[in-house]
Every structure is written in C-alpha cells, then in structure tokens.
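In this note's numbering, the protein residues as written are 8 to 133. Backbone N, C-alpha and C fix where the C-beta goes; we use that ideal spot for every residue, glycine too. What follows is a short report on a single structure.
This is the structure:
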C-alpha cells in the first residue's frame with residue numbers, strides 16, 4: 008500500500024522531472040525558448056516541495072518500526088537489570104570526601120542582593 012508520504016515524493020519528483028525535460032527540450036531544440044523558461048520555472052517552484060517530501064518520507068516511522076524499537080528498548084532494559092546496571096549507587100562509609108547529606112549541593116541564588124538570611128543559615132551549617 009502506498010502511503011501519503013510516498014505519493015507526495017512520487018508526484019513532486021515527477022513534476023520536477025517534467026520541468027527538467029522541458030528545460031532540456033527547450034535548450035536542445037532551440038526553436039521555442041519559452042519552453043526552457045517554463046521548465047526552469049516549474050523546476051524552481053517544485054524544488055522545495057521535492058526536498059520537503061523526501062525529508063518527511065525519510066523521517067516517517069511505521070507502526071511496525073515503532074513497535075520493534077519499543078521491544079528492543081524493553082529487552083535492553085531487562086538485560087541491564089539482569090546485569091545489575093540499574094542498581095542504586097552504594098552507600099559510602101562517610102569518608103573525608105563524602106558530602107554531608109543534610110547540606111544542599113545546589114546553592115540558592117537570590118534575586119534581591121540584601122536578602123541573605125538563607126546565606127547566613129548556610130554559613131552557620133558549615
């Protein structure tokens with residue numbers, strides 16, 4: 008079954024090729040210069056449509072592909088879980104470089120420069 012994206016690629020490409028044939032015929036025959044002009048106008052008018060149709064067709068994902076991606080992601084998740092890659096990080100023994108869990112690691116930025124009651128509380132905690 009032909010999809011809408013495939014049909015758009017086919018139609019826009021055919022119109023572009025018709026314009027190209029008109030340009031070549033007008034240049035080779037030389038008896039009708041308006042034929043080449045019309046062909047180049049058709050080509051320049053359909054070139055953005057050809058590009059858009061091809062890009063949209065390349066980015067199209069069918070339902071079968073989406074289901075295959077989902078199944079593969081699920082399989083990889085199960086594999087990672089079975090290998091122990093999804094376990095939480097180990098609890099440290101509280102060595103000298105271990106951060107204190109009671110202190111925030113992200114410092115608060117204040118919009119008002121004179122407002123430093125949170126800063127004083129933070130400095131007292133250290």
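{"Item": "Outcome for residue 54 when other beta-carbon atoms lying within 10 angstroms are tallied against a minimum of 16", "Value": "exposed"}
{"Item": "Span of the alpha helix (DSSP H), counted from its first residue to its last, around residue 81", "Value": "70-90"}
{"Item": "Nonlocal neighbours in the same chain, by C-beta distance under 6 Å from residue 64, ignoring five residues either side", "Value": "12, 16"}
{"Item": "Segment limits, alpha helix (DSSP H) that includes residue 142", "Value": "With the chain covering only 8 through 133, there is no way to say anything about residue 142."}
{"Item": "Nearest residue (CA-CA) to residue 28, options 80, 49, 18, 67", "Value": "49"}
{"Item": "Alpha carbon of residue 71 to alpha carbon of residue 90, nearest angstrom", "Value": "29 Å"}
{"Item": "Alpha helix (DSSP H) segment containing residue 37, residue limits", "Value": "No alpha helix (DSSP H) contains residue 37, which DSSP labels as neither H nor E."}
{"Item": "Under the three-state DSSP convention, the category residue 29 falls into", "Value": "helix"}
{"Item": "Distance, residue 66 Cα to residue 24 Cα", "Value": "23 Å"}
{"Item": "Whole-angstrom distance between residue 92 and residue 84, CA atom to CA atom", "Value": "9 Å"}
{"Item": "C-alpha gap between residue 78 and residue 18, whole angstroms", "Value": "35 Å"}
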